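Peer 1:
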Amino acid sequence: MKMNDATRIWTVVMTLTWLLSAGPLAAAPIGTDRQTVDVNGTPMVVFTYRPAGCPEPSLLVVFHGIARNAQSYRDYTRVLADRLCLLVAAPVFEEQAFPGWRYQRGGIVKNAAVQDARDWTGRLVLDLVAWVRRQEERPLAYSLLGHSAGGQFLDRLAAFVPTEARRIVVANAGSYVFPSLEIAAPYGLGKVYSEADGEAALRRYLEQPLTIYLGQGDTRDDERNDSPAALAQGNSRYQRGIN
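Spelled out as structure tokens, the structure:
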């Protein structure tokens, strides 16, 4: 064997030894980036933004509409993030993995069957927040903002998944969870809980720090959820938000 070949092999062996013996890499603070994150076993693309001169930001998680253009939503919030010292995370809910029942309607019900609560999509939000906190190495406070389809998703999250969110902002959603145990989920809280648990869930939903933003001109029917259950809430996004 030539000396240079032996040297190469020895270098490879030593490199592998170092890699295998090394501990896990330290968490790195989040910057302005696009990355794929393992969110409790689910790979998700997440667009992030960190404003300059903001050493200890709070977190804003932004949820896209039906176009699933999370990068644009991340960019839209930059001015807000700069002003309020917010670290922004905008996850992508790919249509193949998260069709309407699993994104907009929160994965609560599929084909009239209530799904296992451990599989409700809103729980991924808790896992994403936990990932950000690990990267930042501190339990930073967070708020949630969703528009259109993302607003529908966040209203289901507010109704069914307990969070530590300081504020949940739902903008121009196509449908909502009515605070009623008589209306079946995901348009109410019915058929999910026992009687006692249902009353507790209803109280918790009504106590959420929920803000609803509506556009008075949002009366068109393009890309709108017009299922019978949604139409029962009103003929437009604006009417549904008022009701």
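Here the sequence shown is numbered in the numbering used here, starting from 7 and rising by one per residue. Note that beta-carbon positions come from the ideal geometry of N, C-alpha and C, so glycine has one too. Here the structure is a predicted model, which means the values were calculated and not measured.
#1: With contact counted as at least three CB pairs below 8 Å, one residue from each stretch, are the stretch 71-87 and the stretch 97-114 in contact?
#2: From the DSSP secondary-structure annotation, give me the bridge partner or partners of A177.
#3: Distance check for V120 and Y79, CA to CA, integer angstroms please.
#4: Is the beta carbon of V52 closer than 8 Å to that of A95?
#5: Please return the same chain residues whose Cβ sits closer than 6 Å to the Cβ of A32, not counting the five positions on each side in sequence.
#6: Starting from F53, follow its DSSP beta bridges and name the residues at the other end.
#7: How about P105: is its Cβ closer than 7 Å to a heavy atom in the ligand PLP?
#8: Would DSSP call L163 helix, strand or coil?
#9: Count the other CB atoms within 10 Å of the CB of Q41; is the residue buried (16 or more) or exposed (fewer)?
#10: Where do the ends of the beta strand (DSSP E) carrying S78 lie?
#11: Could you have a look at V324 and say whether DSSP puts it in helix, strand or coil?
#12: Is it buried or exposed for Y219, if we count other Cβ within 10 angstroms and need 16 for buried?
#13: Going along the chain, which residues of its own chain have a beta-carbon closer than 7 Å to the beta-carbon of A87, five neighbours each way excluded?
#14: Quick one, which of Y193, S200, Y211 has its alpha-carbon nearest I114's?
#15: For D161 versus A179, is the C-beta distance shorter than 8 Å?
#16: Quick check on N231: buried or exposed, where buried means 16 or more other Cβ atoms within 10 Å of its Cβ?
#17: Express the C-alpha separation of G59 and Y199 in angstroms, rounding to a whole number.
Peer 2: On the basis of the supplied data:
#1: Taking a cut-off of 8 Å on C-beta distances, the stretch 71-87 touches the stretch 97-114, as three or more cross pairs fall below it.
#2: Residue pairing for A177: DSSP places it in a beta bridge opposite H153, Y219.
#3: If you take the alpha carbons of Y79 and V120, they lie about 31 Å apart.
#4: A contact, by the Cβ cut-off of 8 Å.
#5: With a pLDDT of 45 at A32, under the threshold of 50, the modelled position of that residue is not reliable, and the figure given next carries that caveat. Answer for A32: no residue qualifies.
#6: R40, A96
#7: By its list of ligands, the structure shown contains no ligand whatsoever, and the ligand PLP lies outside what it can speak to.
#8: helix
#9: exposed
#10: Run containing S78: none in the beta strand (DSSP E); it sits in the alpha helix (DSSP H), 76-82.
#11: What is shown of the chain runs 7 to 249, which leaves residue 324 out entirely.
#12: Exposed, by the Cβ-count rule.
#13: Y55, P57, L66, V94
#14: Y193
#15: yes
#16: buried
#17: 47 Å
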